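Written below as structure tokens is the structure these notes are about.
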Amino acid sequence: MNSIKNVPARVLSRRTGHSLEAEREQFDKTQAMSISKAINTQEAPVKEKHVRRIILGTHHEKGAFTFWSYAIGLPLPSSSILSWKFCHVLHKVLRDGHPNVLQDCQRYRSNIRETGDLWVSSSKPLKPCSVVMSFVYHQQKNQEQSLQQKLRDDQFAILQGTVTEAENIIQDAVAKLDDPLHIRCTSSPDYLISRVQAALESVTTLESGHAQYVSSMADATELVGALAQFAHLTADAIVNGSATSHMAPTDHADKLTDTCRDCGHRSLEYLNELKDKQLLRQANPEDVRRTLQGILQLGQELRPKSLDIKQEELGRYSLNSAWEAAKLFSLVPNRILNSCTDLMKAIRLLVMTSTSLQKEIVESGRGAATTQEFYAKNSRWTEGLISASKAVGWGATQLVESADRVVLHTGKYEELIVCSHEIAASTAQLVAASKVKADKNSRNLGKLQACSRNVNEMAANVVASTKSGQEQIEDKDTMDFSGMSLIKLKKEEMETQVKVLELEKMLENERIRLGDLRKKHYALAGVYEDPDDGEGKPAGTPRRGMLKKPPLAQKPAYPLKQDGELEQQDGVYQAHVVNF
């Protein structure tokens, strides 16, 4: 194949690389010629065609790099005419050139200022230079203002999007107040209080973010974050308020529902103010805070009152009234007095040991929480402990009063026996409540169990002394049937049978009444079991058909021991054998 030795020049010029270089060279040549003809020392006006080519060159290269590369080398200090024409051309380039020309001119502001200062002392000051500098500064300021306004608009748009989403969250929570499917949802007053307190804290954060945004509307970061937190926590408080009302009494339930609804409406009104630029500065979430505080107050009213007591008050119910009535012992005969005094001493030691164990449990289990928070968190255990303490104290007080009435012949000996049984049962309840949270190796727990056995023994002694006194006081007159005929004996027999049947019927009715009283006491205790939570929760007002009979406690099966194997820790003492 024959090769072409001489390639025509016009063919070579069609190659891409040579074409771009040639085009660039031609552009530079044209710009240099236009600048040299437009800016010279001749006392003649600048021709518009040269200025137009320079302006078109800035649009061609999207800047003023080529213009300044030639203009910076001009001997401006040598001629005022040359400087005047330079300022005149530069002014037109800034006005009609590409937008990037302004940025390129910012780097040469010092050169322009020097040119103006050079001729300021002459008879003909260089006014066009001042015009150019003013134009440069105003263009820069206007550009900064435009960027700042755009930034404020963008921040406000972000804020509007956040407000819209917050409104959707609040509206969804308010809609759940009337949702039939939400009726099955329940919540405890303690959890409602924790949610409302968190919502109140978010309102404070929201106020801080709002103040920061009003002072500097170019930064809405803090307000946007506070709005998101406020919407979620407020909606959570509304939903849990509705769930808590499902277990509350009717009056409290209606008030709580209305307050939650009002909280949602107030929140929506506040968010609507944030969407309006005219109302944004005056927006105030004080109404929202007021409704949240109303929900908090209703939640505190629904809490069990026993959870509000202090630690030092726990376990002292058995001493307040019992020791006040101890002075009545002076009226009791010596035998019953001694047995009751021993029982009261045993109860006092039991309560003191229980208080020490309780403090040990709280200190070991509360961690970083306060004592009040520990009791509120373990509400079921607290209720059981308080109930047992009250029962022990009430039994001791009733024992003292019953003993006084028996001695004054205004009471019955059976009252002392029942009180002794009640004290023994309450003591077992107190020990069981303490063992739930206590360490099995705790020394105070061992002391409490020993005190419990001592109380049971003293209660048995009271029963024994009471029965003995009853046998001594009651008249045991033998019946005399010697003067009665057969007909009269038969009549007395029939009357006695009638009386027996009446007493049996009365006994049956009293047993039924006793069962109803125990059911009512169980319902008013306000404790129910939750299989999913180890702690108890205060129950709401019992509804019809929801009460169930509690399971019967099974008697623990202990292996029988021989008389020689009895130990003191078993709670069995050979010295006292009493039939209850």
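In UniProt numbering, the protein residues as written are 1 to 580. Here a beta-carbon is modelled for each residue, glycine too, at the ideal position from N, C-alpha and C. Keep in mind that this is a model prediction, so the values were computed, not measured.
- By the neighbour-count definition (other C-beta atoms within 10 Å, threshold 16), His-521 is an exposed residue.
- Ile-72 is not a Cβ neighbour of Thr-41, given a cutoff of 8 Å.
- Glu-61: member of the alpha helix (DSSP H) spanning 48 to 61, first to last residue.
- In terms of Cα proximity to Thr-221, the closest of Ser-202, Lys-150, Thr-162 is Thr-162.
- Taking 8 Å as the cut-off, the beta carbon of Gly-395 is found no closer than this to the beta carbon of Glu-360.
- The C-alpha of Leu-296 is placed about 39 Å away from the C-alpha of Gln-398.
- Residues of the same chain with a CB within less than 8 Å of the CB of Gln-197, apart from the 5 flanking positions on each side, are Leu-296 in chain order.
- Contact between Asp-28 and Ile-55 is ruled out by a C-beta separation of about 16 Å, above the 8 Å threshold.
- A distance below 8 Å separates the beta carbons of Ile-336 and Ser-465.
- The continuous alpha helix (DSSP H) containing Cys-87 extends over residues 80 to 96.
- In the structure shown, the three-state DSSP call for Tyr-522 is helix.
- In this structure, the alpha-carbon of Leu-94 lies about 29 Å from that of Asp-154.
- Residue burial annotation: Ile-112 is buried, with at least 16 other C-beta atoms found within 10 angstroms of its C-beta.
- No Cβ-Cβ contact shorter than 8 Å links Val-288 with Cys-260.
- Rounded to the nearest angstrom, the Cβ distance from Ser-402 to Gly-411 is 6 Å, consistent with a contact under 8 Å.
- Per DSSP, Pro-189 is one residue of the alpha helix (DSSP H) stretching across 189 to 215.
- Restricting attention to Asn-509, Ser-242, Asn-461, Thr-496, the CA atom closest to the CA of Thr-186 is found in Ser-242.
- Counting the other CB atoms within 10 Å of its CB gives Asn-461 a total of 16 or more, which places it among the buried residues.
- Fewer than three pairs of CB atoms, one per stretch, sit closer than 8 Å, so the region 435 to 448 makes no contact with the region 484 to 501.
- A residue is called buried once 16 or more other Cβ atoms fall within 10 Å of its Cβ, and Arg-24, having fewer, is exposed.
- For Leu-181, no alpha helix (DSSP H) segment is defined, and its DSSP state is neither H nor E.
- A residue is called buried when at least 16 other Cβ atoms come within 10 angstroms of its Cβ; Ala-199 meets this threshold and is buried.
- In the DSSP assignment, Asp-439 falls outside any alpha helix (DSSP H) and carries neither an H nor an E.
- By alpha-carbon distance to Phe-230, the top candidate from Asn-168, Leu-256, Ser-188, Thr-257 is Asn-168.
- Proximity to Leu-274 across Leu-223, Lys-255, Asn-240 peaks at Leu-223, based on C-alpha coordinates.
- Annotation for Asn-40: no alpha helix (DSSP H) segment contains it, and DSSP assigns it neither H nor E.
- Minimum Cα-Cα distance from Ala-424 among the listed residues Lys-255, Ala-391, Cys-105, Tyr-191 corresponds to Ala-391.
- Residues of the same chain with a CB within less than 7 Å of the CB of Leu-76, apart from the 5 flanking positions on each side, are Leu-82, Ser-83, Phe-86, Thr-115 in chain order.
- For Gln-278, the enclosing alpha helix (DSSP H) begins and ends at 277 to 280.
- Of the residues assessed, Phe-374 falls on the buried side of the cut-off, its CB having 16 or more other CB atoms within 10 angstroms.
- The Cβ-Cβ distance between Ala-237 and Arg-195 falls below 8 Å.
- Annotated three-state conformation of Asp-28 is helix, per DSSP.
- The beta carbons of Leu-448 and Ser-389 sit no closer together than 8 Å.
- As summarised for the region 364 to 418, the continuous alpha helix (DSSP H) elements at least 4 residues long and confined to that stretch are 371 to 377, 379 to 407, given in chain order.
- If you look at Tyr-70, you'll find it in the alpha helix (DSSP H) that goes 65 to 71.
- Following the DSSP letters along the chain, one finds Asn-272 inside the alpha helix (DSSP H) bounded by residues 250 to 274.
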